[in-house]
Amino acid sequence: MIEESMAMIDSNAQQQAAAVPLLSIAGLRKSYGAVEVLRDVSFDLCKGKTVVVIGPSGSGKSTLLRCINLLEPIDEGTIVFDRQKISGTDAHGHHVRIDIGMVFQNFELFPHLTAIENIMLAPVEVRKVPKAQARDTALALLEKVHIPDKADAFPDELSGGQQQRVAIARALAMNPKLMLYDEPTSALDPEMIKEVLDVILELSNEGMTSVVVTHEMSFARRAADEIVFMDGGRVIERASSERFFGGEVHPRAQKFIQTILH
Ligand SMILES: Nc1ncnc2c1ncn2[C@@H]1O[C@H](COP(=O)(O)OP(=O)(O)O)[C@@H](O)[C@H]1O
Ligand SMILES: [Mg+2]
């Protein structure tokens, strides 16, 4: 009996911990000159969840990720990450930026470094991890992204799909609490898309909190706990994957899905 109630308290505590958003964006506005590219964007993301952001080109998806990652200052609103206000008025917490991993469309590996050197660089330089330990972690991560034999390859000796998986391993090497992916397969040949999406899906299933910008709808359907549809700098729709693909969504989102599926 006591054990049962202890277990219940435990599970309540876990649920409460899970219910506190790891990332909370409220009233985010961002302009470039006179052009407002993010207009009152708000959403929360709980620990362990994956949100897939979709929307037409120019709708502000990359800008949103860049704001979350503090690559861009914001004009209004707040971004709270891991209980700290990291962007907005009176924000402190730039230091938490190293807890956010980012994967770009064009991989952005350092061309003069091998795969393993790319992965080891930030842990050694930023987190001051001893080299031998960073190397062990990097090898384990190369295994995790299914290219254990590519440690000593330079980026130009790797396919696009392999380079992107090195880029994912590089982000993971910092032991991030949140991963951001900006159209991670848009620059890839079709046969390489799946190998990269499979890795992202595996990470997501293991509980990595993730924001993924992608047009890959079958991936979105499988990976997303929530879909955010953006258009013209606004969040037009937030819906569970079931509801979104079940068709109960804003007509503008429907129309967008139709255009990319056909
Ligand atoms: N650095 C910049 N300077 C000026 N305008 C920009 C800049 N970056 C993006 N924009 C504009 O902001 C809008 C949103 O861009 P972006 O976030 O890249 O959209 P998406 O990723 O959804 O295609 C676009 O109109 C784009 O031209
Ligand atoms: Mg973009």
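In this text, residue positions in the sequence shown follow the working numbering: the first is 43, and each later residue adds one.
Think of the CB as a built atom: it goes at the ideal place given N, C-alpha and C, for glycine as much as any other residue.
Since we're looking at a predicted model, the values are computed, not measured.
So, helix, strand or coil for residue i, using DSSP?
i, result
"L230", "coil"
"P63", "strand"
"A76", "coil"
"S16", "Nothing about residue 16 can be read from this structure; the chain reaches only from 43 to 304."
"T156", "coil"
"S84", "strand"
"L151", "coil"
"V95", "strand"
"R108", "helix"
"G90", "coil"
"R264", "helix"
"R177", "helix"
"Q300", "helix"
Please determine, among the options, the residue with the shortest C-alpha to C-alpha distance to residue i.
i, options, result
"D124", "D141, I116, T131", "D141"
"S104", "A174, L200, V145", "V145"
"I278", "G97, K89, Q126", "G97"
"S252", "E185, P218, T120", "P218"
"N160", "G275, V77, A193, S246", "A193"
"L151", "F271, S201, E248, K127", "S201"
"K186", "V166, D198, I210", "I210"
"L245", "F286, Q205, P63, L220", "L220"
"L214", "G130, A176, P232", "A176"
Along the alpha helix (DSSP H) that carries residue i, what are the first and last residues, could you check?
i, result
"E225", "Where E225 is concerned, there is no enclosing alpha helix (DSSP H), given that its DSSP letter is neither H nor E."
"S101", "S101 -> no alpha helix (DSSP H), and no H or E assigned at all."
What is the C-beta distance between residue i and residue j, in whole angstroms, given that I count them as a contact (C-beta under 8 Å)?
i, j, result
"M162", "A174", "About 10 Å separates the two Cβ atoms, so there is no contact after all."
"A157", "A182", "That belief does not hold up - the Cβ atoms of A157 and A182 are roughly 13 Å apart, past 8 Å."
"A266", "N148", "That belief does not hold up - the Cβ atoms of A266 and N148 are roughly 24 Å apart, past 8 Å."
"A262", "V94", "4 Å"
Counting only beta-carbon separations shorter than 8 Å, does residue i have a partner in chain D?
i, result
"E284", "Checking the listed chains, one finds no chain D in this structure; it contains a single protein chain."
Practice item. Mind listing, in chain order, the continuous beta strand (DSSP E) runs of no fewer than 3 residues lying wholly within the region 114-148? Key: 118-123, 126-129, 142-145
**Study point:** Entirely enclosed alpha helix (DSSP H) segments - the region 181-216, minimum 4 residues
**Key:** 202-214
Point to revise | Uninterrupted beta strand (DSSP E) stretches inside the region 266-297 (no shorter than 3 residues) | key: 268-273, 276-282
Exercise for review: Measuring from each Cβ to the nearest heavy atom of ligand 4, keep the ones under 5 Å and list them in chain order.
Suggested key: Absent from the structure shown: ligand 4. Ligands present: ligand 1 and ligand 2.
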